[in-house]
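Residue numbers (the working numbering): 15 to 84.
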């Protein structure tokens with residue numbers, strides 16, 4: 015597996031985790047989450063923000079390196 019394949023895999027896995035976290039936080043904010051997170055909700059929002067920024071970095075890098083992510 016070359017670096018382009020690894021980058022595609024990393025992007026796909028990160029995007030999936032980001033989507034799941036975003037949905038969980040939306041449910042939490044709507045009062046519809048069926049459990050209470052053990053860590054502070056603010057920390058989860060920070061994590062989502064960091065993941066979003068990292069996804070954007072990977073997307074920009076992919077443009078420079080001519081990598082089709084999806």
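Positions of the beta carbon are idealized from the N, C-alpha and C atoms, including for glycine.
Computed from a prediction, not measured in an experiment: that's the story for all the values here.
Asked: Every unbroken alpha helix (DSSP H) inside the segment 25-81 [4 residues or more]; Found: 55-78
Asked: Buried versus exposed call for residue 78 [16 or more other C-beta atoms within 10 Å across all chains shown]; Found: exposed
Asked: Nonlocal neighbours in the same chain, by C-beta distance under 7 Å from residue 38, ignoring five residues either side; Found: 47
Asked: Buried versus exposed call for residue 17 [16 or more other C-beta atoms within 10 Å across all chains shown]; Found: exposed
Asked: Coil, strand or helix - residue 16 by DSSP; Found: coil
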